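**Student:**
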Amino acid sequence: MPHHSSSRHIVIRAASLVLLGGASLGWPASPLHAQGAPRPAPRPRTVVIDSISVIDVDARRVTPMQNIVIRDDSIVAVQPASATLPDSIDERVPGRGLFAIPGLVDHHVHLTPGMARALERGARGGVTMVQAMAGDNRTAGEYARAAMSKEIIAPEIAYASVMAGPNFFTDPRFIGASLGYAPGKAPWAQAISSETDVALAVAAARGSGAEVLKLYAMLDSTIVATFTAEAHKQGMRVVAHGTTFPARPLQLAGAGVDVLTHAPYLSWQGAPELRPEDSWKRIEGPYAKVRADGPELLAVLTAMKAHGTYLEPTLWVFARDGVKPEVAKWGAALAVRAQAAGIPILAGTDGFVGPDSVPLPYIHRELQLLVEAGLTPAAALATATTVPARAMRRERTHGVIAAGRVADIVLLEGNPLADIRNTTRIRQVVLRGRPLPR
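First residue of the sequence shown: 223, per the working numbering; consecutive thereafter.
(1) Quick one: what does DSSP say Gln650 is sitting in, helix, strand or coil?
(2) Beta-carbon separation of Arg282 and Ala600 under 7 Å?
(3) Residue range of the beta strand (DSSP E) that Gly322 falls in?
(4) Measure the Cβ-Cβ separation of Gly573 and Glu534 and say whether it is below 7 Å.
(5) Start and end of the alpha helix (DSSP H) containing Lys455?
(6) In angstroms with no decimal places, state the Cα-to-Cα distance between Ala602 and Arg360.
(7) Please report the straight-line C-alpha distance between Leu320 and Pro657, rounded to a whole angstrom.
(8) Is it buried or exposed, Ser400, if we count other Cβ atoms within 10 angstroms and call 16 or more buried?
(9) Does the distance from the CB of Val327 to the CB of Pro610 come in under 7 Å?
(10) Nearest CA to the CA of Arg265: which residue from Asp294, Ile271 and Ala514?
(11) With burial defined as no fewer than 16 other Cβ atoms inside 10 Å of the residue's Cβ, what is the status of Leu422: buried or exposed?
(12) Spatial neighbours of Ala640 within its chain, please: C-beta separation below 8 Å, excluding the five flanking residues on both sides.
(13) What is the rounded straight-line gap between the Cα of Gln650 and the Cα of Ile445?
(14) What would DSSP say about His463, mapped onto helix, strand or coil?
(15) Give me the residue from Glu506, Arg542 and Ala493 with the minimum Cα distance to Glu518.
(16) Can you tell me whether Ala528 is buried or exposed? The criterion is at least 16 other CB atoms within 10 Å of its CB, across all chains shown.
(17) Going along the chain, which unbroken runs of the beta strand (DSSP E) with 3 or more residues stay wholly within the region 280–329?
(18) Helix, strand or coil: how does DSSP classify Ala600 here?
(19) In angstroms with no decimal places, state the Cα-to-Cα distance between Arg205 and Pro324.
(20) Who are the near neighbours of Ala439 in its chain, counting only those whose CB is closer than 8 Å to its CB and skipping five residues on each side?
(21) Mapping DSSP to helix, strand and coil, what is Pro577?
(22) Do Val420 and Thr452 have their beta-carbon atoms positioned less than 7 Å apart in this structure?
(23) Could you check which residue in Tyr403, Val384, Gly402 and Phe396 has the C-alpha nearest to that of Ile414?
(24) Does the separation of the CB atoms of Ile379 and Ala366 fall below 7 Å?
(25) Ser296 and Ala606: beta carbons closer than 7 Å?
(26) Is Ile642 helix, strand or coil when you go by DSSP?
(27) Using only the alpha-carbon positions, how far apart do Leu435 and Val424 sit?
(28) Taking the DSSP output, what are the residues bridged to Ser383?
(29) Determine the direct distance from the alpha carbon of Ala475 to that of Ser430, and round the result to whole angstroms.
(30) Put Met351 into one of helix, strand or coil per three-state DSSP.
(31) If you drop the 5 nearest sequence neighbours on each side, which residues of the same chain put their C-beta closer than 6 Å to that of Ala245?
(32) Quick one: what does DSSP say Leu592 is sitting in, helix, strand or coil?
(33) In terms of alpha-carbon separation, which member of Gly655, Ile642 and Asn644 lies closest to Arg627?
(34) Going by C-alpha to C-alpha distance, which of Ser443, Asp278, Arg267 and Gly507 sits closest to Val622?
(35) Can you tell me the Cβ-Cβ gap for Trp552 and Ser489, rounded? I've got them flagged as a contact below 8 Å.
(36) What does the alpha-carbon distance come out to for the pair Ala404 and Gln288?
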């Protein structure tokens, strides 16, 4: 090993510590080959949550007095409390009088350096998986690795690469997320046009670790269709803003994108003309002229249903102080219309967690807003559990409490099927089989 390699290792390790917000990672002090003979695999750790009521979200059913048996990070059994338990139990979690739901998913967050504490707050607040929707994938990748190796307490993290028209990369957010690259040249934040090598651009996005290609703005329908087809060919999912200017929602659904995000942006379907530069004012949709239950949106929802497109309304981000009330109202109305039309709804906040004065992650408020709009508590709960598991291609491992699934479980003091506000009454969270200290 050249002399400078060891110095480089130290610099990289120090940089990772800064990225994670000063978290103590517990990495080995010496290379693995210097630590002697391989150690035997540790004995599996068994946790039992006893006598709890288990909620089946899709069936809208509560089964009382169940034991959930967990081995390492997986559920191995959900059985009546009277059933025989394993001989060796490392930890028992009392569940009598409590309700168990699958860990919650926030399908729309953004990650920046120094967020280790925010990620921990999110996990302790019931969010066990997130979809990061644009940012620096060097940051997202390091968080994802540290979370899965249990070096930090954090949700499981999937992340996206973003693509937009060349003129959009003057946005300072993308400049900051691509330091070291010219604007629009980072593999995870690419400026694209009809001249772009499509297969190479998608391969670079995928090579950054992204599962999702996010189509952002200043993209026409031909580019959207071309990149969507290539992304699917390479095994990526595609999320698009509700309008990508000039491509309209109907064209995006027809192109086969997997998710349309930000419900109010779909109002632009009814605009007489769209130009790329209109993307800068995308929140200023024609809400007064285009009804969420009007014919323009009916055509969009019909296309979404036909193509299996998900809608991610992101109600919370539009319901914040300072946003025009008609924006949130229009988005909520469309969310209810879409759900009634059979469009699967995803809960995403575009915010994740707030300051310390806001104790719980914003996903709880997102679910409340969906119920206030007209969804049932069960339908709202599905938007953060079973639906994202399917959308993120994790339906065999996540989203329900059953044998063989990852042990991401939230223990509640009230039944959220009766009142969605009960998701905030958290007694304890089990994160990948690990009961987090309260």
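Glycine included, each C-beta is placed from N, C-alpha and C at the ideal position. These figures come from a predicted structure and were not determined experimentally.
**Tutor:** Judging by the given coordinates:
(1) strand
(2) yes
(3) Note on identity: in this sequence residue 322 is Ala, with Gly being the wrong assignment. From DSSP, the beta strand (DSSP E) with Ala322 extends over Phe321 to Pro324.
(4) no
(5) Per DSSP, Lys455 belongs to the alpha helix (DSSP H) from Ser443 to Lys455.
(6) Across the structure, Ala602 and Arg360 are spaced so that their CA atoms are roughly 33 Å apart.
(7) 15 Å
(8) Within 10 angstroms of the beta-carbon of Ser400 lie 16 or more other beta-carbons, which makes it buried.
(9) yes
(10) Asp294
(11) exposed
(12) Pro599
(13) 46 Å
(14) Under the three-state reduction of DSSP output, His463 falls in the strand class.
(15) Minimum Cα-Cα distance from Glu518 among the listed residues Glu506, Arg542 and Ala493 corresponds to Ala493.
(16) With fewer than 16 other CB atoms across the displayed protein chains lying within 10 angstroms of its CB, Ala528 is exposed.
(17) 283–293, 296–302, 313–316 and 321–324
(18) It is helical.
(19) No answer is possible for residue 205: it lies beyond the span of the chain, which begins at 223 and ends at 660.
(20) Ala386, Gly387, Phe390, His463, Thr466, Phe467, Pro498, Ser501 and Arg504
(21) coil
(22) Reading off the sequence shown, one finds Glu at residue 452, where the question assumed Thr. The answer is yes: Cβ separation under 7 Å.
(23) Val384
(24) yes
(25) Their beta carbons are not under 7 Å apart, which means Ser296 does not touch Ala606 by this criterion.
(26) helix
(27) Cα to Cα, Leu435 sits roughly 8 Å from Val424.
(28) Leu435
(29) 26 Å
(30) strand
(31) With a pLDDT of only 44 at Ala245, under the threshold of 50, the placement of this residue in the model should not be trusted, and no figure is reported.
(32) In the structure shown, the three-state DSSP call for Leu592 is helix.
(33) Of the listed residues, the one whose Cα sits closest to Arg627 is Gly655.
(34) Ranking Ser443, Asp278, Arg267 and Gly507 by Cα distance to Val622 puts Asp278 first.
(35) 6 Å
(36) 56 Å
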